[in-house]
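Chemist: Before we start, here is the structure in question, set down as structure tokens.
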Amino acid sequence: MPISDLIPAALKPKPAKRAAPKPQKTSYTSNEVPIPHDFLSVPLPASAPAVTLQKLDWSKTALPENGPLYAVVLDNVLTPDECAQLLRMAEASATDRGPDPDKDEPWRPAMVNMGPGWEILEPEYRNSDRIIWDQQEVVDRLWGRCRLAPGLEAQLAGMEGVRRPEKGFETRWAFKRFNKRMRFLKYQKGQFFRPHCDGPYGEEAEDGTVFRTHYTVHLYLNDSVAEAGKDSGADLVGGATSFLSGDEKRKVDVDPKAGRVLIFQHSRLYHSGDDVVKGTKYTMRTDILYELIKTKIEDETEGGEAVAA
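In this text, residue positions in the sequence shown follow the working numbering: the first is 6, and each later residue adds one.
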């Protein structure tokens, strides 16, 4: 019997507690990057395959309890060459090139959001590198490609409003645009994003108009062996986006494929970025912004009509 087993537990030295990560005030700027006029053009190049849509039918997966929750996979949104071009532009946009002038390195450790303007570095929970690029024109063109998928635009057009609307009004959320903030992510061997649900981002315009995100948009920028095959030249193994059961024992994987877009609702879809086993995974994440539309409820006593506010 090891001597350590004879020592009462209360007398054994306790492992040192890891210091809690310190919140950091953050803000992001980007270099101006020329956007070629024909980049992400619509219609697609004649040689490119059509954009396809596959809605996740949870009843046929290991997560049937996700029944009403929305997730859809679009393929062929970008060509592999366009993915590589977008990645080069993102790297050119980065203003923080690192502390070593001899190493022009645009990627920085990805942080975890703690509220408006505050983040923490938590590598045991989120371990990857990131570039943040705010560029509305690029995401507008990305949406132009996504909307080529049959039925997608109608499916994302709107949703129910706030639970407790202002007295005398009805509300609904109407599709506005893709969020200009693109988060480019780089996962190398051993890196990951542990299970979580995505949270909404909100903003209010000067005129009082309220906007909020309700859907996540993931664009995969390179192929995985799981999708492209062993003889494809792809070197990425692992790194799937995995939707999980609450106990994390069951899952549904969406594997990376260059030009693939995964769109899913923020609410109640528990998911992770699986560990990269080999190679490097590149993705871009943004969100879909909705505008809160208020409609005054008709006052039947005065014979009034509903008016959009």
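Even for Gly, the Cβ is constructed at its ideal location relative to N, Cα and C. What you are looking at is a predicted structure, and each value in this text was computed from that prediction instead of being measured.
With H, G and I counted as helix, E and B as strand and the rest as coil, what does DSSP make of Gly149?
Modeler: helix
Chemist: If His223 sits next to Ile293, beta carbons under 8 Å apart, how far is it from one beta carbon to the other, in whole angstroms?
Modeler: Wrong, their Cβ atoms sit about 12 Å apart, outside the cutoff.
Chemist: So which of Asp134, Asp228 and Asn36 has the shortest CA-CA distance to Cys88?
Modeler: Asp228
Chemist: Can you find at least 3 beta carbon pairs, one from the stretch 50 to 59 and one from the stretch 161 to 168, that sit closer than 8 Å?
Modeler: Touching, no, given that fewer than three Cβ pairs across the two stretches are closer than 8 Å.
Chemist: In terms of residues, what are the limits of the alpha helix (DSSP H) holding Glu208?
Modeler: Run containing Glu208: none in the alpha helix (DSSP H); it sits in the beta strand (DSSP E), Gly207 to Glu209.
Chemist: Considering only residues of the same chain and omitting the five flanking positions on each side of Pro170, which have a CB-CB separation below 8 Å?
Modeler: Thr176 and Lys299
Chemist: Could you give the first and the last residue of the continuous alpha helix (DSSP H) run that contains Met289?
Modeler: Judged by DSSP secondary structure, Met289 falls outside any alpha helix (DSSP H) and instead within the beta strand (DSSP E) spanning Lys286 to Lys301.
Chemist: Whole angstroms are fine: how far does the CA of Thr291 sit from the CA of Phe216?
Modeler: 15 Å
Chemist: According to the neighbour-count rule (16 or more other Cβ atoms, all chains shown, within 10 Å of its Cβ), is Glu303 buried or exposed?
Modeler: exposed
Chemist: Asp134 by DSSP, collapsed to three states: which one?
Modeler: strand
Chemist: Check whether the stretch 75 to 84 and the stretch 107 to 124 are in contact - that is, three or more C-beta pairs closer than 8 Å.
Modeler: no
Chemist: What residues match up with Val242 in a beta bridge as DSSP calls it?
Modeler: Lys283
Chemist: Is Gln90 helix, strand or coil when you go by DSSP?
Modeler: helix
Chemist: Classify Thr31 as buried or exposed, calling it buried when 16 or more other Cβ atoms lie within 10 Å of its own Cβ.
Modeler: exposed
Chemist: What ranges does the beta strand (DSSP E) occupy inside the stretch 102 to 132, keeping only unbroken runs of at least 3 residues that lie completely in it?
Modeler: 117 to 120 and 123 to 125
Chemist: What separation, rounded to the nearest whole angstrom, lies between the Cα atoms of Ala231 and Gly173?
Modeler: 53 Å
Chemist: Could you say which of Pro106, Thr288 and Asn36 lies nearest to Gly244 if we only look at CA atoms?
Modeler: Thr288
Chemist: Drop a sphere of 10 angstroms on the beta-carbon of Pro111, count the other beta-carbons inside from all chains shown, and report buried for 16 or more, exposed for fewer.
Modeler: buried
Chemist: Within its chain, find whatever has a CB closer than 8 Å to the CB of Met6; leave out the 5 residues flanking it on each side and keep chain order.
Modeler: Low per-residue confidence applies at Met6: pLDDT is 49, beneath 50, and the placement is therefore not dependable, though the value from the model is reported in the following sentence. For Met6, where only same-chain residues beyond five positions count, there are no Cβ hits under 8 Å.
Chemist: Going by the DSSP bridge assignment, what does Asp139 pair with across the sheet?
Modeler: Arg186
Chemist: Run through DSSP, which three-state label would Val215 get?
Modeler: Residue state, collapsed to three classes: strand.
Chemist: For Gly284, is the classification buried or exposed, using 16 other Cβ atoms within 10 angstroms of its Cβ as the cut-off for buried?
Modeler: buried
Chemist: Count the other CB atoms, across all protein chains shown, that sit within 10 Å of the CB of His42; report buried if there are 16 or more and exposed otherwise.
Modeler: exposed
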